[in-house]
Structures are given as structure tokens and as C-alpha cells.
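Quick note on the numbering used here: the sequence shown kicks off at 687 and runs consecutively.
Beta carbons: idealized from backbone N, C-alpha and C, even for Gly.
Note that the coordinates shown come from a computational prediction; the quantities given were computed from them, not determined experimentally.
Single-structure report; data block below.
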Amino acid sequence: MNNQAGTINNSREFEQKITLAITGASGSAYALRLLECLVAANYQVFLLCSSAARVVFDTEVGLKLPSSPDAASQFFTEKFNAKPEQIVVFGKEQWFSPVASGSAAPKTMVVCPCSTGTLAAISQGMSDNLIERAADVVIKERGQLILVPRETPFSTIHLQNMLSLSQIGVTIMPAAPGFYHQPESINDLIDFMVGRLLDHLNIAQSIMPRWGYQAFPSDKNKMS
Ligand SMILES: Cc1cc2nc3c(=O)[nH]c(=O)nc-3n(C[C@H](O)[C@H](O)[C@H](O)COP(=O)(O)O)c2cc1C
Numbered sequence: 687m688n689n690q691a692g693t694i695n696n697s698r699e700f701e702q703k704i705t706l707a708i709t710g711a712s713g714s715a716y717a718l719r720l721l722e723c724l725v726a727a728n729y730q731v732f733l734l735c736s737s738a739a740r741v742v743f744d745t746e747v748g749l750k751l752p753s754s755p756d757a758a759s760q761f762f763t764e765k766f767n768a769k770p771e772q773i774v775v776f777g778k779e780q781w782f783s784p785v786a787s788g789s790a791a792p793k794t795m796v797v798c799p800c801s802t803g804t805l806a807a808i809s810q811g812m813s814d815n816l817i818e819r820a821a822d823v824v825i826k827e828r829g830q831l832i833l834v835p836r837e838t839p840f841s842t843i844h845l846q847n848m849l850s851l852s853q854i855g856v857t858i859m860p861a862a863p864g865f866y867h868q869p870e871s872i873n874d875l876i877d878f879m880v881g882r883l884l885d886h887l888n889i890a891q892s893i894m895p896r897w898g899y900q901a902f903p904s905d906k907n908k909m910s
């Protein structure tokens, strides 16, 4: 697996590579569902979890994520029945991991959920930990960066940070599920957000009904 520096084998077995960062905003269930869908779509996921994200995982879904990157990789691999090296977790200072350099980083990164702290750091190019550095790399390489901030209300500082990132091409998708599809469960709300994320990632999905089309109940909870 992943050694202490963070270097890994370059596998061609997967459809695509993507970086998923999970930070300490509320909404860890979105991240888990997104990760599940990315695995189902045969993506290789380079996964970065902040320390605060671990606290939120425990608080919101009772998930105790191991702190070592290798143990966390194994945990998620077993949880989602992923292939070997399909989910690779990197620690916050593994500067030799692929996500830390434009020469190797996936062109696509999602921060879900995105805390206002990480939002601020990314908007200022801080690069003080691997999540911030990976986002900075995707921005400088002009790749696709999607942030899913969650806070309410948003302060002027949060809004200014979102605006400055949006102006340079970052997609801001606040965790704000709609209700027009008549959700019956929390899972329906989660799938609304994750479905929209998958749309932006160009990954075929049928976990949410589409506006203007009939919903087919048998399609629910099915990844296409
Ligand atoms: C249970 C819990 C829920 C939180 N919810 C939010 C939230 O919705 N939005 C937010 O910006 N911060 C939230 N925080 C605070 C962040 O976790 C905190 O600012 C942290 O420093 C963010 O660090 P990170 O960006 O490295 O993950 C929450 C913290 C906890 C423990």
C-alpha cells in the first residue's frame, strides 16, 4: 500500500482518478455516499480527511475512522468492497503523494463537505496541509475543483471567499438539497446532493429523479 512518504503504484485498472477531500463541516453522510458512488463507477479515489472530519464522522454517523492513512484505506476498502488500491487515503503531510504535484494529481477534486476554514485556506492559496495543497494544484493546473460548503448563515467573509473562487472557475455547490422531488427519507436528501455532484463529474447516475421527467421508483438507489 501507501508508504510513509505517500508514493503509490500507478494503476491503469481504473476508469479515472479523482481526489476527494472530506473536511470538518457537517454532512459527512454526503461524503460517504459520494465515495460509494465513485467506487461503483470504477474510479480510483485519492482520499484526504482532515482531523476535524474524523470528529464529525464520529458525531454524525458514529464512524470511528482510524488515524493512520493505511488503516483508513483498509477501513474504506472493506466498507465499500473496493478493489485493492481503489481507495487510497493520504495523511495531511504526505507531500510526496500524487495529489501534491501538478505532474501527477488527478485533474478533478471534490471537497465534500467543505468547512468554511478550508474554504478560506483554499481561496487564499495557503497550501498548509495536503487538502489545501491538492486544491491549490487543481486550481493552478486549471482542472475541475468542486467545493461543497456547509454553514448557515454564510458570513460576508464566507461569501467573498466563495465569490473569488467561483470567479476563477471553481464550482461552489453548497450542501443545499432541494425538496421538489418530495424526499421521503434523509437518504433521498443525500442522494439529491450526490446526484448533482455526479452530474458535474460527468458520471452517469440515476439516484435522483430529473426535473421534467417521471420518477421511476425502481430506479431509486441504483447507480447506472
Ligand atoms: C460536529 C461538528 C460540526 C461542524 N459543522 C461545521 C459546519 O457545518 N461548517 C463549518 O464550516 N464548520 C463546522 N465545524 C467546525 C469545523 O470542523 C472546524 O472549523 C475545523 O477547524 C475545520 O477544520 P478542517 O477545515 O481542517 O476540516 C463543525 C465541527 C464539529 C465538531
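Under a criterion of Cβ closer than 5 Å to any non-hydrogen atom of ligand 1, which residues qualify, in chain order?
T709, G710, A711, S712, S736, A738, V741, V742, T745, S801, T802, G803, T804, R836, E837
Where Q760 falls: helix, strand or coil (DSSP)
The sequence position of residue 760 within the sequence shown is 74, counting from 1. Helix at Q760.
Delimiting residues of the alpha helix (DSSP H) encompassing Y866:
Taking the first residue of the sequence shown as position 1, residue 866 is located at position 180. Looking at the DSSP string, Y866 is not in any alpha helix (DSSP H), and its letter there is neither H nor E.
Under the assumption that L724 contacts V774 (Cβ atoms under 8 Å), give the Cβ distance between them as a whole number of angstroms.
Numbered from 1 along the sequence shown, position 38 holds the residue referred to as residue 724. Numbered from 1 along the sequence shown, position 88 holds the residue referred to as residue 774. Rounded, the Cβ-Cβ distance is 12 Å, inconsistent with contact.
Which residues does DSSP list as the beta-bridge partners of C800?
Working through the sequence shown from its first residue, we reach residue 800 at position 114. C800 is bridged to P835.
Assuming Q730 is part of the beta strand (DSSP E), what are its boundary residues?
Numbered from 1 along the sequence shown, position 44 holds the residue referred to as residue 730. Start and end: 729-735.
Using only the alpha-carbon positions, how far apart do V880 and L720 sit?
Residue numbering aside, residue 880 sits at position 194 when the sequence shown is read from its first letter. Residue numbering aside, residue 720 sits at position 34 when the sequence shown is read from its first letter. C-alpha separation (whole angstroms): 6 Å.
Any contact of the segment 783-793 with the segment 694-707, i.e. 3+ C-beta pairs under 8 Å?
yes
Alpha carbon of E818 to alpha carbon of H844, nearest angstrom:
Here the question's residue 818 lines up with position 132 in the sequence shown. Here the question's residue 844 lines up with position 158 in the sequence shown. The alpha-carbon atoms of E818 and H844 are separated by roughly 16 Å.
Any idea which residues DSSP pairs K793 with across the strands?
Translated into positions along the sequence shown, residue 793 becomes position 107. K793 pairs with nothing; no bridge assigned.
What first and last residue would you give for the beta strand (DSSP E) that runs through Q810?
For this step, residue 810 is matched to residue 124 along the sequence shown. Neither: Q810 is in no beta strand (DSSP E) and is coded neither H nor E.
Proximal residues to M859 (C-beta, below 8 Å), its chain only, five neighbours per side dropped
Your numbering for residue 859 matches position 173 in the sequence shown. Same-chain partners within the cutoff: I832, L833, V834, M879, R882, L883, H886.
Quick check on the DSSP output: the beta strand (DSSP E) that includes K826 runs from which residue to which?
Along the sequence shown, one-based indexing puts residue 826 at 140. That residue, K826, is in no beta strand (DSSP E); its alpha helix (DSSP H) goes 816-826.
Simplified DSSP state of F776, which is helix, strand or coil:
Taking the first residue of the sequence shown as position 1, residue 776 is located at position 90. Strand at F776.
Under the DSSP definition of a beta bridge, which residues are partnered with Q911?
The first residue shown for the chain is 687 and the last is 910, placing residue 911 beyond what the model contains.
By the 10 Å Cβ neighbour count, where 16 or more other Cβ atoms means buried, how is D814 classified, buried or exposed?
Taking the sequence shown and counting its residues from 1, one reaches residue 814 at position 128. D814 is exposed by the Cβ-count criterion.
What is the DSSP secondary structure of Q913, counted as helix, strand or coil?
Residue 913 falls outside the range modelled here, since the chain spans only 687 to 910, and no answer is possible.
For I876 versus A738, is the C-beta distance shorter than 8 Å?
Translated into the one-based positions of the sequence shown, residue 876 becomes position 190. Translated into the one-based positions of the sequence shown, residue 738 becomes position 52. It is not a contact, given that the beta carbons lie outside the stated cut-off.
Minimum C-alpha distance to T705 - residue among A711, A717, Q760:
Position 19 of the sequence shown, counted from the first residue, corresponds to residue 705. Ranking A711, A717, Q760 by Cα distance to T705 puts A717 first.
Please confirm if the segment 740-752 is in contact with the segment 862-873, defined as three or more CB-CB distances below 8 Å between the two stretches.
no
Thinking P799 and G713 are a contact (beta carbons under 8 Å), I'd like their distance in whole angstroms, please.
Taking the first residue of the sequence shown as 1, we reach residue 799 at position 113. Taking the first residue of the sequence shown as 1, we reach residue 713 at position 27. Between G713 and P799 the Cβ distance is about 4 Å, and since that is below 8 Å, they are a contact.
Would you mind giving the Cβ-Cβ distance between T804 and T709, rounded to the nearest angstrom? I have them listed as a contact below 8 Å.
Taking the sequence shown and counting its residues from 1, one reaches residue 804 at position 118. Taking the sequence shown and counting its residues from 1, one reaches residue 709 at position 23. Their Cβ separation, rounded to whole angstroms, is 4 Å, which keeps T804 and T709 in contact under 8 Å.
Quick check on the DSSP output: the alpha helix (DSSP H) that includes L751 runs from which residue to which?
Locating residue 751 in the sequence shown gives position 65, where the first residue counts as 1. L751 -> no alpha helix (DSSP H), and no H or E assigned at all.
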